[in-house]
Amino acid sequence: SLTLGIVGLPNVGKSTLFNALTRNDVLAANYPFATIEPNVGVVPLPDPRLGELARIFSSEKLLPATVSFVDIAGIVKGASEGAGLGNKFLANIRESDAICQVVRVFDDADVVHVDGRIDPASDIETIATELVLADLQTLERALPRLEKEARTQKDRRPTLEAAQAAAEVLNSGRTLFQAGVDATLLRELTLLTTKPFLYVFNADEAVLTDDARRKELTELVAPAQAVFLDAKVEAELLELDDESAAELLESIGQDEPGLAQLARAGFATLGLQTYLTAGPKESRAWTIPQGATAPQAAGVIHTDFERGFIKAEVVSFDDLVAAGSMNAAKSAGKVRMEGKDYVMQDGDVVEFRFNV
Ligand code: GDP
Numbered sequence: 342s343l344t345l346g347i348v349g350l351p352n353v354g355k356s357t358l359f360n361a362l363t364r365n366d367v368l369a370a371n372y373p374f375a376t377i378e379p380n381v382g383v384v385p386l387p388d389p390r391l392g393e394l395a396r397i398f399s400s401e402k403l404l405p406a407t408v409s410f411v412d413i414a415g416i417v418k419g420a421s422e423g424a425g426l427g428n429k430f431l432a433n434i435r436e437s438d439a440i441c442q443v444v445r446v447f448d449d450a451d452v453v454h455v456d457g458r459i460d461p462a463s464d465i466e467t468i469a470t471e472l473v474l475a476d477l478q479t480l481e482r483a484l485p486r487l488e489k490e491a492r493t494q495k496d497r498r499p500t501l502e503a504a505q506a507a508a509e510v511l512n513s514g515r516t517l518f519q520a521g522v523d524a525t526l527l528r529e530l531t532l533l534t535t536k537p538f539l540y541v542f543n544a545d546e547a548v549l550t551d552d553a554r555r556k557e558l559t560e561l562v563a564p565a566q567a568v569f570l571d572a573k574v575e576a577e578l579l580e581l582d583d584e585s586a587a588e589l590l591e592s593i594g595q596d597e598p599g600l601a602q603l604a605r606a607g608f609a610t611l612g613l614q615t616y617l618t619a620g621p622k623e624s625r626a627w628t629i630p631q632g633a634t635a636p637q638a639a640g641v642i643h644t645d646f647e648r649g650f651i652k653a654e655v656v657s658f659d660d661l662v663a664a665g666s667m668n669a670a671k672s673a674g675k676v677r678m679e680g681k682d683y684v685m686q687d688g689d690v691v692e693f694r695f696n697v
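For the record, in the sequence shown the residue sitting at position 152 is 493 according to our numbering, with numbers rising by one throughout.
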């Protein structure tokens, strides 16, 4: 499955956040056969629709979609001294599908900042610069070969031109994601900065309740998404019962856990969406890429479902809830038969028909 790699300067709260992500062991109980690596934190994607489906279908179980975060440890220790990034670190980022940078905005005199002061813009730039330099190195190695290939093979010219354009963007100090570069032709180079970015601002109450400050930081990282949370509080929340957790959140001006926001932002950053299935056994959200067709969606349940796909019976979540039951939705003409070209919509409740 797709993953977000967690990066950031030392002492910004990566381990604290990652511990909160992994202590979320609700999932281990629901997915007993999933192998969860020690450096992977899996969080459920909050989805209130599942509760409603479970009520309509009297489902025994609720299975939310999940988002996986990989802890890319050890990192940038030497970056600010010009030591650059280790190969292991770069390889780990290459394997991630998106980059999630934790940025410190909490104030705490007891926690040393590597640069001696809290400066989120500078922290963001430090990491971006390292990744930009790594991509420039990759391009410098590839360009002579691409030039040679383009001389004899006409179909390699667009790739060469894309690589030259990318080098120009990187030389201006921007990441390819920030610049909105279409990197389809450059996939063979597995560049780092084409990956979508997500920023987690590890904040204290002062920042969490300061709308102007949050807006400023959100604009700083756009078009990447910004999530604001207090990593220490997130870790504490997992120890509390629902009522005490709600009180703690309220005391820092929040109405839901930061991990819930992080799951949603991570899911969107990876370009994913869900569709729903429901029955007496379980109500479940399934993960598909945005734009997936009905057979591709069926393939997420089982590869046989994709191969033997006949049609999908689809009702939108809102229509189903308004009707009150599947039969009522059918009588009201709200259940559609969709074929193999149907593009799945968020909130589709689906039953697939297939040959085996
Ligand atoms: P890492 O080096 O990025 O993995 O950072 P750690 O998670 O080890 O955190 C470094 C220090 O900052 C630890 O002492 C944490 O307890 C503390 N810390 C982490 N998050 C917060 C936070 O949100 N607020 C405060 N006040 N301290 C934090």
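A virtual CB, placed ideally from N, CA and C, is assigned to each residue, including glycine.
Computed from a predicted structure; not experimentally measured.
Of the residues assessed, Met-667 falls on the buried side of the cut-off, its CB having 16 or more other CB atoms within 10 angstroms. A buried status is given to Thr-407, since no fewer than 16 other beta-carbon atoms sit within 10 Å of its beta-carbon. Where Ser-592 is concerned, the enclosing alpha helix (DSSP H) starts and stops at 583 to 592. Residue ranges of uninterrupted alpha helix (DSSP H) with 4 or more members, entirely inside the segment 456 to 541 and ordered along the chain, are 461 to 493 and 498 to 512.
When rounded, the separation of the alpha-carbon atoms in Val-446 and Lys-652 is 50 Å.
For the pair Pro-598 and Ala-506, the Cα-to-Cα distance works out to about 41 Å. Nearest to Asn-360 by alpha-carbon distance, out of Leu-532, Leu-613, Val-383 and Thr-479, is Val-383. Distance from the Cα of Ala-638 is smallest, within the candidate group Gly-620, Glu-679, Ala-604 and Ala-609, for Glu-679. A direct Cα-to-Cα measurement between Gly-514 and Thr-470 gives close to 7 Å. Set against 7 Å, the gap from the CB of Phe-693 to the closest heavy atom of the ligand GDP is not smaller. Looking at Gly-674, Phe-542 and Arg-486, the one whose alpha-carbon comes closest to that of Ser-657 is Gly-674. Under the three-state reduction of DSSP output, Leu-345 falls in the strand class.
Secondary structure at Lys-402: strand, using DSSP grouped into helix, strand and coil.
Taking 4 residues as the minimum length, the alpha helix (DSSP H) runs contained wholly in the segment 614 to 654 are 635 to 642 and 644 to 648, in order along the chain.
Around the Cβ of Pro-389, a 10 Å sphere holds fewer than 16 other Cβ atoms; the residue is exposed. Check the Cα spacing between Asn-428 and each of Ala-475, Arg-528, Val-452 and Glu-490: the tightest is with Ala-475.
Annotated as proximal: Glu-488 and Leu-501, with beta-carbon spacing under 8 Å. The beta carbon of Gly-354 sits closer than 7 Å to at least one heavy atom of the ligand GDP.
Nearest in C-alpha terms to Asp-571, of all of Leu-345, Ile-629 and Asp-448, is Asp-448. Within 7 Å of the C-beta of Thr-467 there is not a single heavy atom belonging to the ligand GDP. Judged by DSSP in its simplified three-state form, Gln-442 adopts strand.
The segment 617 to 625 makes contact with the segment 688 to 696, as at least three CB pairs between them are under 8 Å. No heavy atom of the ligand GDP is found nearer than 7 Å to the CB of Ala-606. In terms of CA proximity to Gly-346, Leu-611 leads the group Ala-462, Arg-625 and Leu-611. Looking at Ser-585, Ala-633 and Thr-516, the one whose alpha-carbon comes closest to that of Glu-466 is Thr-516. At a cut-off of 7 Å, the beta-carbon of Ala-572 counts as near the ligand GDP: some heavy atom of the ligand is closer than that. According to the DSSP assignment, Thr-550 belongs to no beta strand (DSSP E), since it is labelled neither H nor E.
For Asp-412, the uninterrupted beta strand (DSSP E) segment begins and ends at 407 to 412.
Rounded to the nearest whole angstrom, the CA to CA distance from Leu-527 to Glu-588 is 49 Å. If you look at Arg-435, you'll find it in the alpha helix (DSSP H) that goes 428 to 436.
Bridge partners of Arg-396 according to DSSP: none are assigned. In this structure, Gly-640 has its CB at a distance of at least 7 Å from all heavy atoms of the ligand GDP.
DSSP lists Asn-543 as the beta-bridge partner residues of Leu-570. Secondary structure at Pro-385: strand, using DSSP grouped into helix, strand and coil. Residues of the same chain with a CB within less than 7 Å of the CB of Ala-395, apart from the 5 flanking positions on each side, are Leu-403 and Ser-624 in chain order. Judged by the Cβ position, Pro-621 fails to qualify as a neighbour of the ligand GDP at the 7 Å threshold, every heavy atom of the ligand being at least this far.
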